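Heads up, the thing below is written out as structure tokens.
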Amino acid sequence: KHREENHDAADYARFFGLFLLIAGTFVAVFFLSADLTSSIKASLTETFNNKHLAGFIVGTLRLIIAVSAAGFFATVLGKSGVVNTEMVKEGYVDPIQNFFDRYGKNLAITLLLLVGLYRISDIVLGVISNVFYQDLGYSKTQIASVVKTFGLFMTLAGGFLGGVLTTRFGVIKLLWWGALLSSATNILFMILAKMGPNLPMLYAVISADNLAAGVASAAFVAFLSSLTDVSFTAVQYAIFTSLMTLLPKILGGYSGSIVDALGYQGFFLFTTLIGVPVLYIVWLCGKKFELKEAQK
Numbered sequence: 637k638h639r640e641e642n643h644d645a646a647d648y649a650r651f652f653g654l655f656l657l658i659a660g661t662f663v664a665v666f667f668l669s670a671d672l673t674s675s676i677k678a679s680l681t682e683t684f685n686n687k688h689l690a691g692f693i694v695g696t697l698r699l700i701i702a703v704s705a706a707g708f709f710a711t712v713l714g715k716s717g718v719v720n721t722e723m724v725k726e727g728y729v730d731p732i733q734n735f736f737d738r739y740g741k742n743l744a745i746t747l748l749l750l751v752g753l754y755r756i757s758d759i760v761l762g763v764i765s766n767v768f769y770q771d772l773g774y775s776k777t778q779i780a781s782v783v784k785t786f787g788l789f790m791t792l793a794g795g796f797l798g799g800v801l802t803t804r805f806g807v808i809k810l811l812w813w814g815a816l817l818s819s820a821t822n823i824l825f826m827i828l829a830k831m832g833p834n835l836p837m838l839y840a841v842i843s844a845d846n847l848a849a850g851v852a853s854a855a856f857v858a859f860l861s862s863l864t865d866v867s868f869t870a871v872q873y874a875i876f877t878s879l880m881t882l883l884p885k886i887l888g889g890y891s892g893s894i895v896d897a898l899g900y901q902g903f904f905l906f907t908t909l910i911g912v913p914v915l916y917i918v919w920l921c922g923k924k925f926e927l928k929e930a931q932k
């Protein structure tokens, strides 16, 4: 169980210093590895004949190396006695161990996979959306009024609707429908790309997409909240929300390259398809939750 311990100011200062050193190690290794992996990128570009794919693979490799280096550095400092080991355990180890203890290894990994992939369709599309509107011929005034202002109200309406439906039908069921709607509405962007700058169609697309995003977000927030333990709520929720955007942001960084390779219609089809596996993961989590409840 989580225990409250009394620590002095020096303990907290060293603990904060450890955090800064870990973050600094991650940033330094990530940027310094750019030169070291340049030859790998060149080799992969030649092998695949696709510089965008090579860039994605090398970027992911650099991220893995940086995370590994930061983790190794944290482990060494934690065991060296530089910081209070009990604080390190309480702050970093216990919240993760608690999560795996409560759900078991298999279900915990499935849940983390769902957290990491649930918003991938929306986030990858969102990175390039403003560029798409401008390339299609909409003015900045139209984009501001329709996408930003009108879209905000649609998102709020979707969030309210999602909250009501979550209470009525349950989190898992609405998670599935939210994932389906978030992916399916991306097809509307394919239609918009083919039609050109049609203002009524833009209103229709933004209405559907933002309503779906609001419903999905409400269900997802309820889902994340249900995963946390009362003793570690802040840390576990922070981990989940960070994981939620990690892979989508990495992939989203290559949205421009994907558009160059596939065109806008191909890109929107791609964002629709990458959301399909999420439906299976939500269904799988629901089944595992039912099995877990039945075994109690």
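In terms of our numbering, the sequence shown opens at residue 637 and continues consecutively.
Glycine included, every Cβ here is placed at the ideal spot set by N, Cα and C.
Just so you know, these numbers come straight off a predicted model, no measurement behind them.
> Just curious, the alpha helix (DSSP H) that His688 is in, first and last residue?
Replying inline: Lys687 to Ser716
> Just the Cα atoms here: how many angstroms apart are Lys637 and Ser867?
Replying inline: Unreliable positioning characterises Lys637 in this predicted model, as indicated by a pLDDT of 47, which lies under 50. A coordinate reading is not provided.
> Which residues in the same chain as Asp758 place their Cβ atom closer than 7 Å to its Cβ, once the five residues preceding and following it in sequence are excluded?
Replying inline: Ser818 and Ala849
> Excluding five sequence neighbours on each side, which residues of the same chain lie with their C-beta closer than 7 Å to the C-beta of Ser689?
Replying inline: In the sequence as presented, Ser is not what sits at residue 689; that position holds Leu. Counting only Cβ-Cβ distances below 7 Å, and skipping sequence neighbours, we find nothing.
> Whose C-alpha, out of Trp812, Ser891 and Gln778, is nearest the C-alpha of Tyr839?
Replying inline: Gln778
> Just how far apart, CA to CA, sit Ile700 and Ala852?
Replying inline: 29 Å
>> Less than 8 Å between the beta carbons of His643 and Asn742, yes or no?
In response: no
> Hey, which unbroken runs of the beta strand (DSSP E) at 3 residues or more fall wholly within the stretch 814 to 898?
Replying inline: none
>> So for Ser775, helix, strand or coil by DSSP?
In response: coil
> Do Leu810 and Leu824 have their C-beta atoms closer together than 8 Å?
Replying inline: no
> Can you list the alpha helix (DSSP H) stretches of 4 or more residues lying completely in the stretch 733 to 775, in chain order?
Replying inline: 741 to 753 and 756 to 772
> Are the stretch 863 to 879 and the stretch 830 to 839 touching by the rule of at least three beta carbon pairs closer than 8 Å?
Replying inline: no
> What is the C-beta distance between Thr908 and Asn822, in whole angstroms, given that I count them as a contact (C-beta under 8 Å)?
Replying inline: 4 Å
> Hey, Ser669 and Ala702: beta-carbon distance below 8 Å or not?
Replying inline: yes
> Is it buried or exposed for Thr864, if we count other Cβ within 10 angstroms and need 16 for buried?
Replying inline: buried
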